[in-house]
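*Asks:* The sequence shown maps to residues -13 to 264 in the working numbering. Note that beta-carbon positions come from the ideal geometry of N, C-alpha and C, so glycine has one too.
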Amino acid sequence: MYAKILTISILIITLITLGIFSTKTSNKNKEPQIITTPILNPENIKRFNIDKMPQLPIITSDKSTTTKITTTIEINKNNLKFSPKFINSLNMDFVFVSIKEEGFYIQRTEVTQGQWLKVMGYNPSRFKECGDNCPVELVSWNDIQAFIKQVNMLEKTDKYRMPTEAEWEFVCNNQFPEEILKNLNSYAWYLENSAYKTHPVAKKKPNKVGVYDIWGNVKEWCQIRDGGYSFGDIVETKQPIRGSSCFNNLKETNCNYRVLSSIDFKDSSLGFRLVKML
């Protein structure tokens, strides 16, 4: 009896021992599991909103850099080549905008009556009582070319021009329309809040680029190409008008409005802003 029990016990112990050994051997031969972790996107590291940036000096350097300056700026403090904002000698305020591998400066406000008067010596605007800080209007595309010529002469450069349609639209659409439309009164002068007249620039909130009144106040002249008036043997007799004004209602206040108009056309709802090339 005892001999039978002993035999069974030895058999059970033997089976357990063999099972443990087999499990260890199996684990020993199994390939280790590789666990991957997501890589952080470097585009999300150390990025700053342009409107929160202090004024930065222009630093010249012979060293090649890959500094990017966009509507949100990735900063390389030692090799920053372009100031994100600057004000010229005529008190025109500009902000840097990047499109793909290139960039340009765009005026943060529409050209004012005071700036036009300082450059051209007269004020053509209908809404003169609004003051020097209100947008100049009643200027044709041809008038603006004469203004730009004077600005370039006074600034000793040839870099100032009108924005192309593509540039203007990029800046205008740099904030989701629904974000602005939810609180349009904070961003634009339009029919329902303007009392049928223009208002001083930069009194409403800027868009994400840092540009004011791209929605409302006055519509803006643009140009089809960045070469100016002529293109080869072709002389453009019509140029684009973009945006909306203080006479447009809420539904009409957007970035989509576009019309080609004669280059000698003038209207009290129509102004412009400048671009400066690098």
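(1) Give me the Cα-Cα distance between MET263 and ASN74, rounded to the nearest whole angstrom.
(2) Which same chain residues, not among the five before or five after VAL97, have their C-beta less than 8 Å away from its C-beta?
(3) Rounding to the nearest angstrom, what Cα-Cα distance links LYS104 and LEU76 in this structure?
(4) Under 9 Å, do ASN193 and VAL157 count as touching if we go by C-beta distance?
(5) Let's see if you can read the secondary structure: which residues bound the alpha helix (DSSP H) around GLU151?
(6) Are the beta-carbon atoms belonging to ASN234 and LEU167 less than 9 Å from one another?
(7) Within 10 angstroms of its Cβ, does ASP250 collect 16 or more other Cβ (buried), or is it exposed?
(8) What residue from TRP175, GLU165 and LYS142 has the CA that sits closest to ASP199's CA?
(9) Taking the alpha helix (DSSP H) that PHE251 belongs to, which residues open and close that run?
(10) Among all the DSSP beta bridges, which residues are the ones paired with LYS224?
(11) Would you kindly work out how many angstroms separate the C-alpha atoms of HIS185 and ARG244, rounded to a whole number?
(12) Helix or strand or just coil, what does DSSP make of GLU88?
(13) Which runs of the beta strand (DSSP E) spanning at least 3 residues fall entirely within the segment 66 to 143, listed in chain order?
(14) For a test of the three-state rule: what should DSSP assign to LYS237, helix, strand or coil?
(15) Report yes if the C-beta distance between LYS71 and CYS116 is below 9 Å; otherwise report no.
(16) Could you compute how far the alpha carbon of TYR146 sits from the alpha carbon of ASN171?
(17) Answer yes or no: does any C-beta atom of chain C fall closer than 9 Å to that of ILE200?
(18) Below 8 Å on the Cβ atoms is my contact criterion, and I expect GLY196 with ARG94 to pass it. Report the Cβ-Cβ distance as a whole number of Å.
(19) Which same chain residues end up closer than 7 Å to MET106 when comparing Cβ atoms and leaving out the 5 residues on each side of it in sequence?
*Replies:* In terms of the structure at hand:
(1) Within the sequence shown, numbered from 1, the residue matching residue 263 stands at position 277. Within the sequence shown, numbered from 1, the residue matching residue 74 stands at position 88. Distance between the alpha carbons of MET263 and ASN74: 13 Å.
(2) Start at 1 with the first residue of the sequence shown, and residue 97 comes out as number 111. Within the same chain, VAL97 has close Cβ partners MET78, PRO121, VAL122, PHE133, GLY257, PHE258, ARG259 and LEU260.
(3) Taking the sequence shown and counting its residues from 1, one reaches residue 104 at position 118. Taking the sequence shown and counting its residues from 1, one reaches residue 76 at position 90. Rounded to the nearest angstrom, the two C-alpha atoms are 8 Å apart.
(4) One-based indexing of the sequence shown puts residue 193 at position 207. One-based indexing of the sequence shown puts residue 157 at position 171. Contact flag set, yes.
(5) On the sequence shown, residue 151 is found 165 positions in, with the first residue counted as 1. It spans 151 to 158 - the alpha helix (DSSP H) in which GLU151 sits, taken as one unbroken run.
(6) Stepping through the sequence shown from its first residue, residue 234 is reached at position 248. Stepping through the sequence shown from its first residue, residue 167 is reached at position 181. Cβ distance not < 9 Å, so ASN234 and LEU167 don't count as in contact.
(7) As a first step, residue 250 is located in the sequence shown; it is residue number 264 there, counting from the start. Exposed: under 16 other Cβ atoms inside 10 Å.
(8) Taking the sequence shown and counting its residues from 1, the one referred to as residue 199 is at position 213. Ranking TRP175, GLU165 and LYS142 by Cα distance to ASP199 puts TRP175 first.
(9) As a first step, residue 251 is located in the sequence shown; it is residue number 265 there, counting from the start. It is not in any alpha helix (DSSP H) - PHE251 carries neither H nor E in the DSSP assignment.
(10) Here residue 224 is taken as the residue at index 238 of the sequence shown, counted from 1. For LYS224, which the question treats as bridged, DSSP gives the partners SER248.
(11) Here residue 185 is taken as the residue at index 199 of the sequence shown, counted from 1. Here residue 244 is taken as the residue at index 258 of the sequence shown, counted from 1. Near 22 Å, if we compare the C-alpha coordinates of ARG244 and HIS185.
(12) For the purposes of this step, residue 88 is identified with residue 102 of the sequence shown, where counting begins at 1. Reduced to three states, the DSSP call for GLU88 is strand.
(13) 71 to 73, 79 to 85 and 88 to 93
(14) On the sequence shown, residue 237 is found 251 positions in, with the first residue counted as 1. In the structure shown, LYS237 sits in a helix (DSSP, three-state: H, G or I).
(15) Counting from 1 along the sequence shown, the entry for residue 71 is found at position 85. Counting from 1 along the sequence shown, the entry for residue 116 is found at position 130. No; because the gap between Cβ atoms is not below 9 Å, this pair is not in contact.
(16) Translated into the one-based positions of the sequence shown, residue 146 becomes position 160. Translated into the one-based positions of the sequence shown, residue 171 becomes position 185. Answer to the nearest angstrom: the Cα atoms are 31 Å apart.
(17) Among the chains in the structure shown there is no chain C, since it carries only a single protein chain.
(18) Against the sequence shown, residue 196 aligns to sequence position 210. Against the sequence shown, residue 94 aligns to sequence position 108. That belief holds up - the Cβ atoms of GLY196 and ARG94 are roughly 6 Å apart, short of 8 Å.
(19) Looking up residue 106 in the sequence shown gives position 120. Same-chain partners within the cutoff: PHE133 and GLN136.
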